[in-house]
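A.B. asks:
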Amino acid sequence: NAGVMQNPRHLVRRRGQEARLRCSPMKGHSHVYWYRQLPEEGLKFMVYLQKENIIDESGMPKERFSAEFPKEGPSILRIQQVVRGDSAAYFCASSVDREVVQYFGPGTRLTVT
Amino acid sequence: KQEVTQIPAALSVPEGENLVLNCSFTDSAIYNLQWFRQDPGKGLTSLLLIQSSQREQTSGRLNASLDKSSGRSTLYIAASQPGDSATYLCAVNGANSKLTFGKGITLSVRP
């Protein structure tokens, strides 16, 4: 059973471009979470999704950020018009249900130049 | 708003020492608490999960305890090894299953 997969592992974007981060949860997991780790800061919750539904997006910046988890395919975190402050490691986690162990992927390290 | 604190930020110990990593949280209304390990530039590895109704969990040389009423958890590592060197993160699971993380304790075990 493969773990949580994230791609790409490293992503470089120029200011103003779009970044698309993908997350494939563990087999049988329908709950997906995105977290961001800024340099010198702890991990912060961004959004919680369950197939085709956003359950909690209280940690998402109001502008330029969006997330989806379609019926088929991976979850996508999309950042439009990236700025230098978006440079961070973005981690995806999945779980089989609420309030149980969350398994984390290896992360996508986004660098905005 | 839940806040999780891990002190100290860094710890250096000689190999073989038993050590305790502390975690405190402000809101005792939690479902569970997870301890993770993060190696530099890598993802998170789940070490132990303690449900709110439990007092402790053990896995090999690791033992985690939870005192929900006082808002504290400890991770005990027995007979530390250089391979234990990493950052250890504590995270509490509250409303809507979102984890609130501490900033972590960076552990260095000297041979």
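Each protein sequence line maps, in turn, to chains A and B.
For the first sequence, this note's numbering begins at 100 and goes up steadily by one.
For the second sequence, this note's numbering begins at 8 and goes up steadily by one.
Virtual Cβ for every residue (Gly too), placed ideally from N, Cα, C.
Between B/Tyr38 and chain A, is the shortest Cβ-Cβ distance under 8 Å, so that the two count as touching?
C.D. replies: Closer than 8 Å: yes.
A.B. asks: From the DSSP output, which residues share a beta bridge with B/Ala36?
C.D. replies: Bridge partners of B/Ala36: none, in fact.
A.B. asks: Could you name the residues that DSSP lists as bridge partners for B/Leu26?
C.D. replies: Paired residues: B/Ile84.
A.B. asks: Whose CA, out of A/Asp185, A/Phe164 and A/Lys161, lies closest to the CA of A/Thr210?
C.D. replies: Here the closest residue by C-alpha is A/Asp185.
A.B. asks: Is the CB of A/Ile154 under 8 Å away from at least one CB in chain B?
C.D. replies: True, the Cβ-Cβ gap to chain B drops below 8 Å.
A.B. asks: Please report the Cβ distance between B/Asn39 and B/Asn103, rounded to the nearest whole angstrom; I am assuming they are in contact, meaning their Cβ atoms lie under 8 Å.
C.D. replies: Not really, about 13 Å apart at Cβ, beyond 8 Å.
A.B. asks: For the beta strand (DSSP E) containing B/Pro21, list its first residue and its last residue.
C.D. replies: That run of the beta strand (DSSP E) goes Ala17 to Pro21.
A.B. asks: Determine the chain B residues that contact A/Gly206 at a beta-carbon separation under 9 Å, and present them in chain order.
C.D. replies: Within 9 Å Cβ-Cβ: Gly48, Lys49, Gly50 and Leu51.
A.B. asks: Is the beta carbon of B/Thr33 less than 8 Å from the beta carbon of B/Phe43?
C.D. replies: No, the Cβ-Cβ distance between B/Thr33 and B/Phe43 is not below 8 Å.
A.B. asks: Just to confirm, are B/Ser87 and B/Cys30 a CB contact at a threshold of 8 Å?
C.D. replies: Against a cut-off of 8 Å, the Cβ pair of B/Cys30 and B/Ser87 comes out as no contact.
A.B. asks: At a CB distance below 9 Å, what residues from the region 101 to 118 of chain B approach chain A? Give them in sequence order.
C.D. replies: Hits within the stretch, in order: Ala102, Asn103, Ser104, Lys105, Leu106, Thr107, Phe108, Gly109, Lys110 and Gly111.
A.B. asks: Can you find a C-beta in chain A that's less than 8 Å from the C-beta of B/Gln64?
C.D. replies: No, B/Gln64 does not count as interfacial toward chain A.
A.B. asks: Counting C-beta neighbours from all protein chains within 10 Å, is the total for A/Ile178 16 or more, i.e. buried, or is it exposed?
C.D. replies: Buried, since its Cβ has 16 or more Cβ neighbours within 10 Å.
A.B. asks: Spatial neighbours of A/Pro107 within its chain, please: CB distance less than 7 Å, with the 5 preceding and 5 following residues excluded, ordered by chain position.
C.D. replies: Excluding positions up to five away in sequence, the list reads Thr207.
A.B. asks: Is the beta carbon of B/Ile84 sitting closer than 8 Å to the one on B/Pro15?
C.D. replies: Not a contact, by the Cβ cut-off of 8 Å.
A.B. asks: At 8 Å on the CB atoms, spell out the chain C contacts of B/Leu54, in chain order.
C.D. replies: The structure shown contains no chain C; the protein chains it does contain are A and B.
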